[in-house]
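Chemist:
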Amino acid sequence: MAIAKRFKISHDEVFPHGAYLVSPVSPVGDFERSTQDNKVQQIDKDSGLPLWQVEVLDADPEASKAQRTVTIKLAAKVQPVPPTNDSGTPFTPVTFVGLSALPYVEQVTQTFSRVAWSFRAETMQSAKPATVGGQGKAA
């Protein structure tokens, strides 16, 4: 089968109602290599770069409580800088560039599993202004 495990997907497909940063960018811990006294940052297997993560609020009004907050990982030599927040709200609107998704099975309880998603992005930038009805008019 020619479908890659991780596949490219657009920001608008994952976050059609927008995405908002709700945490600072932080290193992804490598739990296999870390000890209690020495925390080690996880390295991306494909690029060899350190992995960083940020929590994002999915603005989809139909998202369940468990799906409202999503972690996005970024591979970068230095800590990525989030866009400035000019929205007037406590949350920073963001767009992810070069987004990819990896489905996996998450065991929620001993008797219940669900499909979950691991997301990675190449970069993040300020979100474009919202449009009304897809007509390209500012909201």
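So in this note's numbering, spot 89 of the sequence shown is number 180, and the numbers just go up one at a time. Even for Gly, the Cβ is constructed at its ideal location relative to N, Cα and C. Owing to the predicted nature of the structure, the values given are computational and were not obtained by experimental measurement.
Mapping the DSSP letters down to three states, classify E104 as helix, strand or coil.
Modeler: Three-state DSSP puts E104 in a helix.
Chemist: Look at V188 and E213 and say whether their C-beta atoms are less than 7 Å apart.
Modeler: Yes, the pair counts as a contact, with Cβ atoms nearer than the cut-off.
Chemist: Enumerate in chain order the residues of its own chain whose CB-to-CB distance from S178 is below 6 Å, with the five nearest sequence positions on each side excluded.
Modeler: The answer, listed in chain order, is P184.
Chemist: Hey, would you say L190 sits closer than 7 Å to H108, going by beta carbons?
Modeler: It is not a contact, given that the beta carbons lie outside the stated cut-off.
Chemist: Assign A229 to one of two classes, buried (16 or more other C-beta atoms within 10 Å of its C-beta) or exposed (fewer than that).
Modeler: With a pLDDT of 46 at A229, under the threshold of 50, the modelled position of this residue cannot be trusted; read the value that follows with caution. By the 10 Å Cβ count, A229 comes out exposed.
Chemist: Report the three-state DSSP secondary structure of K219 (helix, strand or coil).
Modeler: DSSP places K219 in coil when its eight states are reduced to three.
Chemist: Hey, how far is the Cα of P171 from the Cα of I100?
Modeler: Cα-Cα distance, rounded: 21 Å.
Chemist: On the CB-based measure, 16 or more other CB atoms within 10 Å of its CB, does Q133 come out buried or exposed?
Modeler: Buried: at least 16 other Cβ atoms inside 10 Å.
Chemist: Hey, how far is the Cα of F161 from the Cα of N176?
Modeler: The residue you asked about is not Phe; residue 161 is Val in the sequence shown. Their backbone Cα atoms lie some 19 Å apart in a straight line.
Chemist: Find out if the Cβ-Cβ distance for the pair V116, E146 is shorter than 7 Å.
Modeler: The answer is no: Cβ separation not under 7 Å.
Chemist: Indicate the three-state DSSP secondary structure (helix, strand or coil) for A192 in the structure shown.
Modeler: A192: strand per DSSP, three-state reduction.
Chemist: At which residues does the beta strand (DSSP E) containing K164 begin and terminate?
Modeler: Looking at the DSSP string, the run of the beta strand (DSSP E) that includes K164 is 160 to 166.
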